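Residue numbers (our numbering), protein chains in the order written: chain A, 51 to 312; chain B, 326 to 627.
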Amino acid sequence: MRLAPFRILLGLFCLLVAVWLVMPTLVIIPMSFNEKKSLAFPPSGFSWQWYANFFTNPDWLSSFFNSLRVAGLVAVAATLIGTLASLGLSRMKHSGAGLLRAILITPMIVPGVVLAIGIYAVYLDYQLVGTTTGFVIAHTMLAIPFVIIAVSASLEVFDVRLETAAASLGADRFTTFRTVTLPLIAPGILSGLLFAFVTSFDEIIVALFITSPYLKTLPVQIFTSITRDADPTVTAVGTIIFIATTVIISAGLIISSKSTRS
Amino acid sequence: MSQTSHTPTAGDENPRPSGAMRGPQRRLRLAAYPSLLAMPALLLLIAAMGYPLLTVTLRSFSDPAWGLQNYVWFFSTPVNVTVLWRTFSIAAWVTIVCVIAAYPYAYLMTAVGPRLRLVLILCVLVPFWVSGVVRTLAWVILLQDSGIINSVIRLLGFDGVKLIRTQTGVVIGMAQVLLPFMILPLYSVMRGIDLRLVQAARSLGARPARAFLQIYLPLSLPGVFAGAIIVFILSLGFYITPALLGGPRSTMLSTLVQSQVLSLLNWGRGGAMGVVLLVATFVLLALAAPLMRQRHKQASRS
């Protein structure tokens, strides 16, 4: 009972932290229905105009579809390359595996701007600035660590003896992989795919350097719109992304809880 | 290891009871060279990260002429040294704020029931559901002079505080972005702490504060170290948040690199700054790695 004041204090402090974490996400939603072209809070009136602007303005729409296309390609490429690498790493027995894993994960910690000026310098030489290929190569490199982490996590709990069992029953290497290994590590691959997509869809620093007037991704468009003028369309875009993510994650949770129950 | 001496095509010469079947032959190849599977990833990494970083490093020594002049310029210009120092001090502040906020939060996550825990975890994950740039705009809305935080402060009867375009504003925004990287490792370490140890200390007569300081805190330190290292290193390279929330007096190194390269087209000087940032990151990582490993061992031993 003597601990009660301490518990109340702890609860209040954590409530404050939770508000701090969530507030920036939630403040975006009311702002997106603002009637005036301003970012002052609280918003006044109610209108759909910023949503209408997003869906009719070619700048916003094209950057959205550019991001969707780049992120889709990156998700496929990074998942493929990253899953192969994780499989290789899990089968390596000597100490080189740890070193190789550390090397493959470095893109996560290299300061973004340093990487960005390097990629920009190289892309200027090879005419890759403002091309889909350029974006996909850079973003795939940035996304691979997330795939490796996700797939490695599910490979760690994967029982290798299942593969041996399949092989002893006469399955060849490919059949074993397709019917035993792949289904069991599928959740890891799927979350890797999702992480890769989000990494590319959200990436801004490298994108700011290798963008061109002909190929802008959504984060670049958002950034230029914030720095140029206080355009509330950004808040509408933020709300759309937030709702889309919520729907996708809820769907994923419902599907996974159903499949574990059955 | 003896298998590695065989070339991949020599697989069927290997005496195996299963004979010349296709399956075992393939398994042998992959079993001998599993690292081949990681080759595509490694090649992409060399092309898209190694080569660009090499280019930056080379230019820092060769542009406009070979020599160390870019580094001499960097360390002899007071503005640069100020910004370098400020970058480290902002990163330190962000780390401290994150530790203070995350420690009780992660503890509460281990102490409450599953339902409330889900809510707490959701609060950590929701920030990731909106793109990073949008979140920074939200901080502009919150921190501006007529923003919510200042309204609340005025409502409580205090004078408004200048938050936007100040170092405080940058730290508040960056810490919010990086807080999950502190909470999650802390939570995973705290979840593994055996609370009976604390009970044992209490039953032996230790006051709650002493039991916490001597038993719980040392056991949770690996999580603090792991989180702090990640937060500090990620802070050093922050670019978007300081650029949008900060003013000229809170410029960080990344912004300086960007303006040297894109505005002044000075690849040598920008490259030298980039190399300084890169070296700082990896030196810190190298210093922290053995520390973290040692702490982990201690924790698992006790």
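Ideal placement from N, C-alpha and C gives every residue a C-beta, glycine not left out. Keep in mind the model is a prediction, meaning the values are calculated, not measured.
Identify the contact partners of residue i in chain A, using a Cβ-Cβ distance below 8 Å as the criterion.
i, result
"B:Trp454", "Thr75, Ile291, Phe292, Thr295, Thr296, Ile299"
"B:Ala366", "Ile131, Gly132, Leu134, Ala135, Leu154, Ile194, Ile198"
"B:Val451", "Leu71, Val72, Thr75"
For a contact defined as C-beta to C-beta under 7 Å, what are the partners of residue i on chain B?
i, result
"A:Arg228", "Near A:Arg228 there are no residues of chain B at all, since even the closest Cβ is about 13 Å away, more than 7 Å."
"A:Pro269", "Ser456, Val458"
"A:Leu60", "Pro429, Leu433"
"A:Val284", "Val459, Leu462"
Quick check on residue i: does DSSP put it in helix, strand or coil?
i, result
"B:Ser456", "coil"
"B:Gly375", "helix"
"A:Phe273", "helix"
"A:His144", "coil"
"A:Ser97", "coil"
"A:Pro80", "helix"
"B:Asn591", "coil"
"B:Phe483", "coil"
"B:Pro342", "For B:Pro342, the predicted structure reports a pLDDT of 44, less than 50, and the residue's modelled location is therefore unreliable. A value from the coordinates is still provided. Of the three classes helix, strand and coil, the one that applies to B:Pro342 here is coil, per DSSP."
"B:Trp391", "coil"
"A:Asn107", "coil"
"B:Thr435", "helix"
"B:Leu529", "coil"
"A:Ala221", "coil"
"A:Glu206", "helix"
"A:Glu213", "helix"
Would residue i pass as an interface residue toward chain A - the criterion being a Cβ-Cβ separation below 8 Å?
i, result
"B:Arg460", "yes"
"B:Pro615", "no"
"B:Ala335", "At B:Ala335, the pLDDT of 40 sits below 50, so the modelled position is not reliable and the matter cannot be decided from this model."
"B:Arg347", "Annotation note: pLDDT 49 at B:Arg347 (below 50); position unreliable, coordinate value reported separately. Yes, contact with chain A."
"B:Tyr376", "yes"
"B:Thr493", "no"
"B:Thr435", "no"
"B:Phe557", "no"
"B:Leu529", "no"
"B:Leu603", "yes"
"B:Ser579", "yes"
"B:Leu567", "The residue you asked about is not Leu; residue 567 of chain B is Pro in the sequence shown. Not an interface residue."
"B:Val608", "no"
"B:Cys423", "no"
"B:Ala363", "yes"
"B:Val477", "no"
"B:Ile415", "no"
"B:Leu504", "yes"
Can you check which of these residues, the options, is closest to residue i by C-alpha distance?
i, options, result
"A:Glu213", "A:Ser204, A:Arg223, A:Val201", "A:Arg223"
"A:Arg211", "A:Arg151, A:Gly242, A:Thr231", "A:Thr231"
"B:Pro510", "B:Ser528, B:Gln539, B:Leu546", "B:Leu546"
"B:Ile540", "B:Gly548, B:Val549, B:Ala525", "B:Ala525"
"B:Lys487", "B:Ser584, B:Gly571, B:Thr402", "B:Gly571"
"A:Leu265", "A:Phe83, A:Asp252, A:Arg119, A:Ala152", "A:Arg119"
"B:Arg384", "A:Leu150, A:Gly168, A:Leu65", "A:Gly168"
"A:Thr289", "A:Pro269, A:Cys64, A:Met81", "A:Met81"
"B:Thr435", "B:Ile558, B:Ile508, B:Ala553, B:Ala568", "B:Ile508"
"A:Leu130", "A:Ser306, A:Val164, A:Ile194", "A:Ile194"
"A:Ala90", "A:Ile291, A:Asp281, A:Ile299", "A:Asp281"
"B:Ala536", "B:Val523, B:Ala363, B:Ala614, B:Val444", "B:Val523"
"B:Ala551", "B:Gln585, B:Leu462, B:Pro505", "B:Pro505"
"A:Asp209", "A:Ala188, A:Pro233, A:Glu85, A:Val197", "A:Pro233"
Could you pull the DSSP bridge partners for residue i from this structure?
i, result
"A:Ser262", "A:Leu265"
Can you list the residues of chain A that residue i reaches, using a CB-CB cut of under 7 Å?
i, result
"B:Gly562", "Pro161, Gly162, Val163"
"B:Leu520", "Near B:Leu520 there are no residues of chain A at all, since even the closest Cβ is about 14 Å away, more than 7 Å."
"B:Trp464", "Pro74"
"B:Pro359", "Gly138, Arg141, Met142"
"B:Ser471", "Ala90"
At least one CB of chain B closer than 8 Å to the CB of residue i: is that the case?
i, result
"A:Leu154", "yes"
"A:Pro55", "no"
"A:Asp252", "yes"
"A:Ala90", "yes"
"A:Ala188", "yes"
"A:Ala68", "yes"
"A:Leu149", "no"
"A:Val287", "yes"
"A:Leu265", "no"
"A:Ile276", "yes"
"A:Phe273", "yes"
Could you name the residues of chain D that residue i contacts, counting a contact when the two beta carbons are closer than 8 Å?
i, result
"B:Thr380", "Of the chains in the structure shown, none is chain D; the protein chains are A and B."
Could you tell me which chain B residues have their CB closer than 8 Å to the CB of residue i, listed as they occur along the chain?
i, result
"A:Pro157", "Leu370, Met374"
For residue i, go through chain A and note every residue whose CB falls closer than 9 Å to its CB, in chain order.
i, result
"B:Trp592", "Ile167, Ala171"
Interface residues of chain B around residue i at Cβ under 9 Å?
i, result
"A:Phe63", "Ala426, Pro429, Tyr430, Leu433"
"A:Leu243", "Going along chain B, no residue has its Cβ under 9 Å from A:Leu243, so there is no contact; the nearest lies around 15 Å."
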